[in-house]
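Residue 242 in full-length UniProt numbering is what sits at position 242 of the sequence shown, and the numbering runs on without skipping anything. Okay, so here's the structure we're looking at.
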Amino acid sequence: MEILMSELGAEESVPWSSPHPEPPSSAGDWFSAGSLQGRGFFSDLGAVRRKPSRADAEPTLSKSCTDKLSIKQVTSLLSFPTYHLIGVTPNAYLSSLILPAMKYSEKGFARAFSRNGRLSAIDEKSLPVGYSFHPFIITPLRKDFELKFPFSKPLATTIAPSSSNPLHPRDKEDPPTKAEQKTKATNLSALYIHHPRSPPHPNDPTTSNPVSETLLNGVHQGHTLTSPSPKKASIISRFRMLQLGRQLARSLLHLSDPPSTTGPDLHAPPRLLLGTADEAVLAGWKGLVAARTYGEAKRAGEIALHRERAKGLVTRVLVAGARAGHAASKHAGSWPRNDADEDWKLPSEEDRSR
1 MEILMSELGA EESVPWSSPH PEPPSSAGDW FSAGSLQGRG FFSDLGAVRR
51 KPSRADAEPT LSKSCTDKLS IKQVTSLLSF PTYHLIGVTP NAYLSSLILP
101 AMKYSEKGFA RAFSRNGRLS AIDEKSLPVG YSFHPFIITP LRKDFELKFP
151 FSKPLATTIA PSSSNPLHPR DKEDPPTKAE QKTKATNLSA LYIHHPRSPP
201 HPNDPTTSNP VSETLLNGVH QGHTLTSPSP KKASIISRFR MLQLGRQLAR
251 SLLHLSDPPS TTGPDLHAPP RLLLGTADEA VLAGWKGLVA ARTYGEAKRA
301 GEIALHRERA KGLVTRVLVA GARAGHAASK HAGSWPRNDA DEDWKLPSEE
351 DRSR
C-alpha cells in the first residue's frame, strides 16, 4: 500500500478510517466488501485484497500480486499442472526478488513477506510434507539505475507526505509531458518463447521456430470471446496447460507400466522413473487423465490435495491478520475459493475428429 499511496496525488494518498462491517456471509457479498477493494481503505494495512483494478472493472476474487507472492513463499512456484509433474523441493521456491529502488518500501515489504510480518503466525509443523515457509530475499536496485524506456508509465512529480520511502525520486523528476500524460496501459500482450527444442523454422532448417503470439484481452488477436474454441487459446492458457498436462501424464503412465515381454508394446521403462513414481504421483497422473473437467483435474490425487491444504493454511493466516507487530484484522475469516470457471472440459477424441 505504501507504493500505491506514493503514486497517487498528495491529497488522495492520506490514509482514512474505514468502517469494519461483519465478514461477508457468501461469495457474492465479497465483491462489495470494502475491505477487499484493491485501491481503497489504506488504513487496513496487511489485509488481503483483490487486484487493484480500475473502479469500473468487473468484480474478481483474484488476489493482489502481493498476496499471491506471499502465498507462493509456502506453496512454491509450482501450480497446475506442474505440481503433478515436479516435486516440491527447495529449488521450487523463489529465492530473491529484485526491484527498482523507487518501488521499494522497507517497512511495507517486511510487513508483507518477512518472517516478522503478517506471515509470522504460520505453523510449519501443520503444513503437508514437503511444504515449508521460504521467505525470499528482497534486493532494491541502485538509486541511479535508469529504468526509463519508450512509452513507459510516467512518474508523478510530487511525493506523498505519507510515503515512507526516502528513495522515491518523484520530487526530483521533471513534470510529465502532454504525451506522457496521455499514456495508457494496453490490453495487448506479446508472447515470445524460445527454447533449444523449438521446431526448425519452415524457411530455414538451421534455425529454430520459437513460439510467438499476440494476445488481445488474453485471446489470439483477430479472434473474439463470443464463441470460444481451441484455436483461439494461447499456448499459456489453462486450456493448453490442461491439454499438455494430460499428454505428459499419459506418456508417463505408459512408461510406468510393467515392461511387456511380448508383442509390439515391448519396452523397458527407465528404472529411475519407476523408482521415483510412488503411489501418490501415479494417482495424480491417473486422476489428471481421467478427470472430466478442469476443476477435477486440478484437484486430482493426494499431491493436489496437499497443495490445496498448504494454500488454505497460509491464506487463513493472511486473512485472519495474525501478524507480528500489527493489530489483528477485523475482517477475519476465510477467502472464498475462486473456482467459478472450472467446470469446462477438453473436447473428446470423438469431437476433435469431426
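Glycine is no exception: its CB is placed at the ideal position from the N, C-alpha and C atoms.
Please report the straight-line C-alpha distance between ARG352 and ARG240, rounded to a whole angstrom. Note on ARG352: pLDDT 48, under 50, position unreliable in the model; the coordinate value appears next. Straight-line Cα distance between these residues: approximately 15 Å.
| said: Looking at LEU188: is its Cβ nearer than 9 Å to the Cβ of VAL211? | reply: no
Discussion item. Cutting at 8 Å between CB atoms, please list the residues of its own chain near ALA92, excluding the five before and the five after it.
Written reply: SER76, LEU77, LEU78 and ILE86
Span of the alpha helix (DSSP H) holding GLU106?
106-113
For this session: Could you say which of SER62, LEU119 and ARG299 lies nearest to VAL314 if we only look at CA atoms?
Result: LEU119
Check: So is PHE145 buried or exposed if we call it buried at 16+ other beta carbons inside 10 Å?
Finding: exposed
Worksheet item: From which residue to which residue does the alpha helix (DSSP H) around SER70 run?
Response: 65-75
Hey, would you say LYS286 sits closer than 9 Å to ALA310, going by beta carbons? no
Which residues does DSSP list as the beta-bridge partners of HIS220? LEU215
Of the choices VAL319, HIS220, THR224 and SER251, whose alpha-carbon is the least far from that of ILE236? HIS220
Please return the same chain residues whose Cβ sits closer than 6 Å to the Cβ of TRP344, not counting the five positions on each side in sequence. TYR294
### Task
Please classify ILE138: does DSSP put it in a helix, a strand, or coil?
strand
task: Return yes when the Cβ of LYS143 is within less than 9 Å of the Cβ of ALA101, no when it is not.
output: yes
Query raised in the report: In chain order, what residues of the same chain lie with their CB nearer than 8 Å to the CB of PRO135, ignoring the 5 residues before and after it?
Result: GLN73, PHE113, SER114, ARG115 and LEU119
- Hey, would you say LEU69 sits closer than 9 Å to LEU94, going by beta carbons? yes
Pair within 9 Å by beta-carbon distance, ALA283 and ALA300: yes
**Prompt:** Can you give the Cα-Cα distance for GLY263 and LEU288, rounded to whole angstroms?
**Reply:** No answer about GLY263 holds up, because its pLDDT of 47 lies below 50 and its placement is not dependable.
Give me the Cα-Cα distance between ARG337 and PHE80, rounded to the nearest whole angstrom.
15 Å
When you compare only the Cα positions, how much space is there between ARG111 and GLY117? 4 Å
| query | Could you give the distance in angstroms between the alpha-carbon of SER251 and the alpha-carbon of HIS194? | reply | 24 Å
Query - Nonlocal neighbours in the same chain, by C-beta distance under 7 Å from ILE98, ignoring five residues either side - result: THR139 and LEU141
Point to revise | Boundaries of the beta strand (DSSP E) in which ALA101 is found, first to last residue | key: Here ALA101 belongs to no beta strand (DSSP E), and DSSP marks it neither H nor E.
- request: Mark ALA185 as exposed unless 16 or more other C-beta atoms lie within 10 angstroms of its C-beta, in which case mark it buried.
  value: exposed
- Message: In this structure, how does DSSP classify SER189 when only helix, strand and coil are distinguished?
- Response: strand
- Message: In whole angstroms, give me the CA-to-CA distance for LYS172 and ALA47.
- Response: With a pLDDT of 45 at LYS172, under the threshold of 50, the modelled position of that residue is not reliable, and no figure is offered here.
- Message: Taking 6 Å as the limit between beta carbons, can you name the residues of its chain near HIS84, skipping five residues before and five after?
- Response: GLY284 and LEU288
* To do: Answer with buried or exposed for SER64, where buried requires no fewer than 16 other C-beta atoms within 10 angstroms of its C-beta.
  => buried
- Message: Can you check which of these residues, PRO347, ALA291 and VAL129, is closest to SER229 by C-alpha distance?
- Response: PRO347
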